[in-house]
Amino acid sequence: MVDVQNDFCPGGTLAVKDGDAVIEVIHRIAPLFADIVLTQDWHPPHHHSFAHVHEGRSAFESISLEHGTQTLWPDHCVQGTAGAELHPALGLTRAELVLRKGFHPDIDSYSAFFENDHTTATGLAGYLRERKLRRVFLVGLAYDYCVGYSALDARRLGLPAVIVRDACRAIDLDGSVQRIEAEFTESGVVLIESAELLK
Ligand code: VGL
Ligand code: ZN
């Protein structure tokens with residue numbers, strides 16, 4: 001489960017429309033899974049992805065960096081703040097790992113597996129390998145950023161990756177949904193609805 005944190009839910013600084021609506025769906029399907037891993041976006045206060053760090057720039061603009069384009073975001077999920085906490089309605093207390101990402105000040109990390117240089121590992125691949133967890137189902141926020149990039153990296157690592165679409169909500173910025181869905185098709189990320197799991 002990716003980044004179901006206060007800042008990505010209504011009232012948060014980078015609120016995804018209906019972000020908290022994923023919680024009910026996630027609770028419904030959670031009992032079907034033997035192992036649950038959570039991620040938490042976890043930025044230092046002046047993280048490079050924050051618009052305020054870049055003189056004269058505004059949130060939701062894109063800038064060019066060494067490892068590609070960076071969308072600038074409002075300050076969000078700052079380490080130790082209430083906005084960075086997992087949503088209080090989440091009841092996944094049996095989750096086995098909470099993986100934090102995005103803590104290096106100069107680079108963003110959408111994916112739960114690699115930072116945005118596509119090289120620096122978060123450790124999740126090793127964790128899954130050592131625990132012999134060989135397939136990932138993804139839920140959470142945001143569909144077109146952290147969920148999507150995580151699914152694509154899972155495929156790059158050779159793991160089957162299934163996104164439960166109604167257990168995700170998208171930011172939907174400048175065609176981001178269409179763009180990532182084209183990549184899903186190319187790399188074999190599978191989209192399903194929770195009802196298909198529950199029947
Ligand atoms: C995310 C933008 C910035 C996400 C995280 O969780 O999808 N999006 N940081
Ligand atoms: Zn972030």
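Residue 1 is where the sequence shown starts when you use UniProt numbering, and the numbers rise one by one after that. Just so it is clear, CB atoms sit at the ideal spot from N, CA and C, and this is done for glycine as well.
1) Would a C-beta distance cut-off of 8 Å place A154 and T39 closer than the cut-off?
2) Would the region 154 to 166 and the region 182 to 190 be scored as touching if the rule is three or more Cβ pairs under 8 Å?
3) Check each residue's C-beta against every heavy atom of the ligand ZN and list, in chain order, those closer than 7 Å.
4) From V94 to I36, what does the alpha carbon distance come to, in whole angstroms?
5) Can you find the residues in the same chain that come closer than 7 Å, C-beta to C-beta, to F8, ignoring five residues on each side of it along the sequence?
6) Any heavy atom of the ligand VGL closer than 7 Å to the Cβ of Y110?
7) Along the chain, where does the beta strand (DSSP E) that runs through T71 open and close?
8) Can you find the residues in the same chain that come closer than 8 Å, C-beta to C-beta, to T122, ignoring five residues on each side of it along the sequence?
9) Could you give the distance in angstroms between the alpha-carbon of D41 and the alpha-carbon of G56?
10) DSSP state of T13, grouped into three classes?
11) Where are the alpha helix (DSSP H) runs, 4 residues long or more, that stay fully inside the region 100 to 178, in chain order?
12) Pull up the distance between the alpha-carbon of E61 and that of L128, whole angstroms please.
In terms of the structure at hand:
1) Reading the sequence shown from its first residue, position 154 is the one you call residue 154. Reading the sequence shown from its first residue, position 39 is the one you call residue 39. The Cβ atoms of A154 and T39 lie no closer than 8 Å to each other.
2) yes
3) The set, ordered by position in the chain, is D41, H43, S49, W73, H76, C77, G102, D108.
4) As a first step, residue 94 is located in the sequence shown; it is residue number 94 there, counting from the start. As a first step, residue 36 is located in the sequence shown; it is residue number 36 there, counting from the start. Correcting the residue type first, residue 94 is Arg in the shown sequence and not Val. Answer to the nearest angstrom: the Cα atoms are 7 Å apart.
5) Within the sequence shown, numbered from 1, the residue matching residue 8 stands at position 8. Hits under 7 Å: L14, A15, V16, G19, L141, A142.
6) Counting from 1 along the sequence shown, the entry for residue 110 is found at position 110. Yes, since a heavy atom of the ligand VGL falls inside the 7 Å radius drawn around the Cβ of Y110.
7) For the purposes of this step, residue 71 is identified with residue 71 of the sequence shown, where counting begins at 1. Taken as a continuous stretch (DSSP letters only), the beta strand (DSSP E) holding T71 covers 68 to 71.
8) Taking the first residue of the sequence shown as 1, we reach residue 122 at position 122. For T122, where only same-chain residues beyond five positions count, the Cβ hits under 8 Å are L99, K101, S109, S111, A112, F113, F114, E115.
9) Taking the sequence shown and counting its residues from 1, one reaches residue 41 at position 41. Taking the sequence shown and counting its residues from 1, one reaches residue 56 at position 56. Taking the straight line joining both Cα atoms gives about 25 Å.
10) Reading the sequence shown from its first residue, position 13 is the one you call residue 13. T13 falls in the coil class under three-state DSSP.
11) 124 to 130, 148 to 156
12) Here the question's residue 61 lines up with position 61 in the sequence shown. Here the question's residue 128 lines up with position 128 in the sequence shown. For E61 and L128, the distance between alpha carbons rounds to 35 Å.
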